[in-house]
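As given, the protein sequences belong to chains S and C, one line each in that order. Residue 499 in our numbering sits at position 274 of the first sequence, with consecutive numbering throughout. Residue 204 in our numbering sits at position 198 of the second sequence, with consecutive numbering throughout.
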Amino acid sequence: MTLAPEAPRPGAGTAGPAISLRGLTKRYGAVTAVESLDLDVAEGEFFSMLGPSGSGKTTVLRLVAGFEEATEGTVLLGGQDVTAAPPYAREVNTVFQDYAIFPHLDVQANVEYGLRVKKVPRAERRRRAAEALETVRLDGYASRKPHELSGGQRQRVALARALVNRPRVLLLDEPLGALDLQLRREMQVELKQIQRDVGITFVFVTHDQEEALTMSDRIAVFNQGRIEQLATPHELYERPASAFVAGFVGTSNLLEGDVARTLVGESGPFVVRPEKVRLGEPAEGLEPGWCAGEGTVLEVVYLGATTHTVVRLDAGVRMTVADHNDETVAAPSGDPANGAAHARRDQRVRLSWRRDHLVPLAGTAHEEESR
Amino acid sequence: MKLSRRARFLLGLATAVVLAVVYAPLALVLLNSFNADKTFGWPPTGFTLEWWRMAGESEGARDALLTSLEVAALATVLALVLGTLAAMGLRHTRFFGRNVVSLLVILPIALPGIVTGIALQNAFGTMLGVQLSLFTLVVAHATFCIVTVFNNVQARFQRLGGSLEQASMDLGAGPWTTFRLVTLPMLRSALLAGALLSFGLSFDEIVVTTFTAPDTVQTLPIWIFGNLFRPNQAPVVNVVAAVLVVLSVVPIYLAQKLSGDTAGAAAGAR
Chain S
226 MTLAPEAPRP
236 GAGTAGPAIS
246 LRGLTKRYGA
256 VTAVESLDLD
266 VAEGEFFSML
276 GPSGSGKTTV
286 LRLVAGFEEA
296 TEGTVLLGGQ
306 DVTAAPPYAR
316 EVNTVFQDYA
326 IFPHLDVQAN
336 VEYGLRVKKV
346 PRAERRRRAA
356 EALETVRLDG
366 YASRKPHELS
376 GGQRQRVALA
386 RALVNRPRVL
396 LLDEPLGALD
406 LQLRREMQVE
416 LKQIQRDVGI
426 TFVFVTHDQE
436 EALTMSDRIA
446 VFNQGRIEQL
456 ATPHELYERP
466 ASAFVAGFVG
476 TSNLLEGDVA
486 RTLVGESGPF
496 VVRPEKVRLG
506 EPAEGLEPGW
516 CAGEGTVLEV
526 VYLGATTHTV
536 VRLDAGVRMT
546 VADHNDETVA
556 APSGDPANGA
566 AHARRDQRVR
576 LSWRRDHLVP
586 LAGTAHEEES
596 R
Chain C
7 MKLSRRARFL
17 LGLATAVVLA
27 VVYAPLALVL
37 LNSFNADKTF
47 GWPPTGFTLE
57 WWRMAGESEG
67 ARDALLTSLE
77 VAALATVLAL
87 VLGTLAAMGL
97 RHTRFFGRNV
107 VSLLVILPIA
117 LPGIVTGIAL
127 QNAFGTMLGV
137 QLSLFTLVVA
147 HATFCIVTVF
157 NNVQARFQRL
167 GGSLEQASMD
177 LGAGPWTTFR
187 LVTLPMLRSA
197 LLAGALLSFG
207 LSFDEIVVTT
217 FTAPDTVQTL
227 PIWIFGNLFR
237 PNQAPVVNVV
247 AAVLVVLSVV
257 PIYLAQKLSG
267 DTAGAAAGAR
């Protein structure tokens with residue numbers, strides 16, 4: 226709330242996208258890091274770029290920030306072509322993976338840096354830096370030196386240092402990667418809140434699918450320099466467009482070819498999520514609209530809230546079933562993975578799932594659903 | 007690592023022996039500067055301040071000291087500018103022959119002084135047609151002084167990477183502002199350490215100096231060398247040596263303190 230822009234930024238309020246990438250390509254010698262990318266990020270959106278390392282997501286971020294020069298294509302910020310502009314002439318700020326806090330300056334001077342460089346008067350600098358530090362809940366830390374801060378605090382300083390400039394777009398390069406799990410979860414929620422409060426467009430790069438699902442309005446899944454799928458978190462999880470997306474976002478069971486013909490009656494490929502699959506006794510009656518297959522339990526993996534049962538079906542495929550442990554009791558038991566509700570290893574079982582929970586995949590892995 | 011009592015004792019003994027070998031002769035120099043016996047026989051026969059008084063009045067020694075300070079200071083300034091620029095130039099570029107250039111910059115420190123001296127004297131005298139002067143001497147010293155600055159700055163760049171400067175640019179600072187507000191403060195202690203080493207190298211240089219300085223320019227080492235074997239001057243030389251021993255402690259102490267500080271700061275920055 227404290228950081229709401231006082232005056233509308235030039236170009237804000239126009240309906241155009243905050244970022245437009247057109248035919249953006251980056252090659253390093255013979256290696257293509259980003260291939261002919263078209264992408265629009267809307268004003269005020271929390272947009273995530275998700276993908277394994279080397280998939281091109283960070284390169285896209287660096288192309289937008291201006292640290293890399295595009296081999297081909299254009300970068301538009303608020304409708305303005307900035308493809309050839311240096312980083313300091315672009316209305317974007319970055320939160321770096323290693324934070325890149327200036328070690329020789331205290332927290333206050335770090336946060337004020339962007340304003341100082343732009344010759345903002347001292348009094349206003351002070352006020353805005355204090356606001357930014359309050360937004361990231363670091364008030365009272367202004368005179369600390371970076372080496373006196375914890376990882377999480379440094380991360381917040383990096384965030385405040387970027388936000389204080391009220392950029393058109395904030396770029397975040399795996400900013401939570403170095404934090405431990407609990408702090409990361411806290412920061413995910415907090416980042417989302419901050420983004421909603423300040424109303425700035427966030428472009429968030431991560432390889433953590435849970436992180437992307439938690440925070441984003443939309444997610445672009447990157448693979449080998451291209452976008453595999455661009456969708457809302459819900460759509461991405463429920464209707465993955467390719468086997469790659471299905472495998473990268475959550476766990477999934479892939480059915481294709483003869484296996485699919487035996488189990489479903491069509492050659493597919495299909496995916497079905499583990500939590501949609503039901504574990505039962507062999508040779509139970511099958512309701513209409515359901516598919517089923519019998520098999521042997523290979524492994525029972527107890528995960529606390531859920532239990533994953535890995536089954537080898539006679540049709541020739543491994544499937545994972547996820548069950549919520551909402552029925553298990555706290556009674557002491559020799560083997561926690563073998564509570565009453567669970568199957569045992571080598572047990573014969575039948576798996577069944579609703580036909581409409583099968584997600585048909587596009588024939589080729591690279592067909593995009595992004596438009 | 008845990009050492010046995012015996013091993014620790016032996017290590018301590020070895021350390022003591024090495025330090026004694028290094029410092030006993032230096033202590034002797036200090037002692038002899040107060041030794042009343044002009045031939046410096048052992049044990050000292052009496053205490054005197056006469057040599058210190060003579061040294062204080064020796065114009066030759068004083069001029070030589072000033073010349074040495076001047077040459078070392080100028081060579082260091084030259085080395086700071088050129089060494090930093092060289093390290094920056096080689097930092098981000100990946101051109102063919104980059105390693106060759108780096109090697110060529112570092113090589114002069116390994117070259118025998120006599121080779122550097124003769125080569126420079128020839129080049130100054132014949133090829134360039136320059137009279138030997140204070141300037142030629144400074145240039146000659148700078149050729150190897152650059153290396154200490156270059157190495158220190160390069161190591162610092164390698165340790166810090168480029169993300170701080172990227173962050174600065176990202177926040178709206180152009181290249182010059184970034185250099186002033188981020189790069190230079192980042193390099194400060196590396197530059198100081200490089201400068202101290204460079205100053206020390208130039209200050210006690212004798213071989214290159216004999217070839218590249220005119221007769222009118224006499225540095226302190228040259229003066230010492232020239233007066234060492236004159237019986238009347240020997241006690242004065244001894245006093246000068248004693249002063250230099252004491253003075254050497256200062257830059258070494260500073261350099262050590264600085265590098266300790268920066269190691270701590272860099273670790274904190276991770």
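C-beta: ideal position from N, C-alpha, C; glycine also. None of the values given here were measured: they were computed from a predicted structure.
Reduced DSSP category for residue i - H, G, I as helix; E, B as strand; rest coil
i	result
residue 135 of chain C	coil
residue 366 of chain S	coil
residue 48 of chain C	coil
residue 559 of chain S	Reliability of the predicted coordinates at residue 559 of chain S is poor, the pLDDT of 47 falling under 50, and no value is obtained from them.
residue 41 of chain C	strand
residue 230 of chain C	helix
residue 391 of chain S	coil
residue 378 of chain S	helix
residue 398 of chain S	strand
residue 355 of chain S	helix
residue 273 of chain S	strand
residue 513 of chain S	coil
residue 237 of chain C	coil
residue 190 of chain C	helix
residue 225 of chain C	coil
residue 441 of chain S	coil
residue 453 of chain S	strand
residue 338 of chain S	helix
residue 495 of chain S	strand
residue 547 of chain S	strand
residue 533 of chain S	strand
residue 33 of chain C	helix
Below-7 Å beta-carbon distance, residue i vs any chain C residue
i	result
residue 429 of chain S	no
residue 400 of chain S	no
residue 342 of chain S	yes
residue 366 of chain S	no
residue 493 of chain S	no
Chain S contact for residue i (CB, 7 Å cutoff)
i	result
residue 132 of chain C	no
residue 177 of chain C	yes
residue 183 of chain C	yes
Given residue i as reference, the closest of the options once Cα atoms are compared
i	options	result
residue 350 of chain S	S:295, S:337, S:502 and S:360	S:337
residue 567 of chain S	S:313, S:549, S:436 and S:579	S:549
residue 584 of chain S	S:494, S:404 and S:520	S:494
residue 209 of chain C	C:24, C:8, C:161 and C:72	C:72
residue 459 of chain S	S:442, S:481 and S:450	S:442
residue 276 of chain S	S:270, S:503, S:383 and S:399	S:399
residue 364 of chain S	S:355, S:381 and S:370	S:355
residue 62 of chain C	C:263, C:258 and C:239	C:239
residue 193 of chain S	S:520, S:444 and S:544	Absent from the structure is residue 193 of chain S, since the part of chain S shown begins at 226 and ends at 596.
residue 241 of chain S	S:432, S:303, S:297 and S:294	S:303
residue 78 of chain C	C:51, C:211, C:237 and C:167	C:211
residue 191 of chain C	S:328, S:422 and S:463	S:328
residue 49 of chain C	C:82, C:65, C:164 and C:40	C:40
residue 168 of chain C	S:323, S:380 and S:383	S:323
residue 569 of chain S	S:492, S:535 and S:451	S:535
residue 187 of chain C	C:197, C:199, C:196 and C:171	C:171
residue 417 of chain S	S:402, S:407, S:437 and S:432	S:437
residue 439 of chain S	S:294, S:453 and S:412	S:412
Interface partners of residue i on chain C, CB under 7 Å
i	result
residue 292 of chain S	172
residue 327 of chain S	170 and 188
residue 339 of chain S	177 and 178
Listed by chain order, chain S residues near residue i by CB distance under 9 Å
i	result
residue 192 of chain C	327, 328 and 329
Chain-ordered chain C contacts of residue i [CB-CB under 9 Å]
i	result
residue 390 of chain S	177 and 178
Within-7 Å CB hit, residue i to chain B
i	result
residue 333 of chain S	Of the chains in the structure shown, none is chain B; the protein chains are S and C.
### Query
According to a CB-to-CB cut-off of less than 9 Å, which residues of the segment 306–324 of chain S neighbour chain C?
311, 312, 313, 314, 315, 317, 318, 319, 321, 322, 323 and 324
### Message
For the segment 237–266 of chain S, list every residue whose C-beta sits within 8 Å of some C-beta in chain C, in sequence order.
### Response
none
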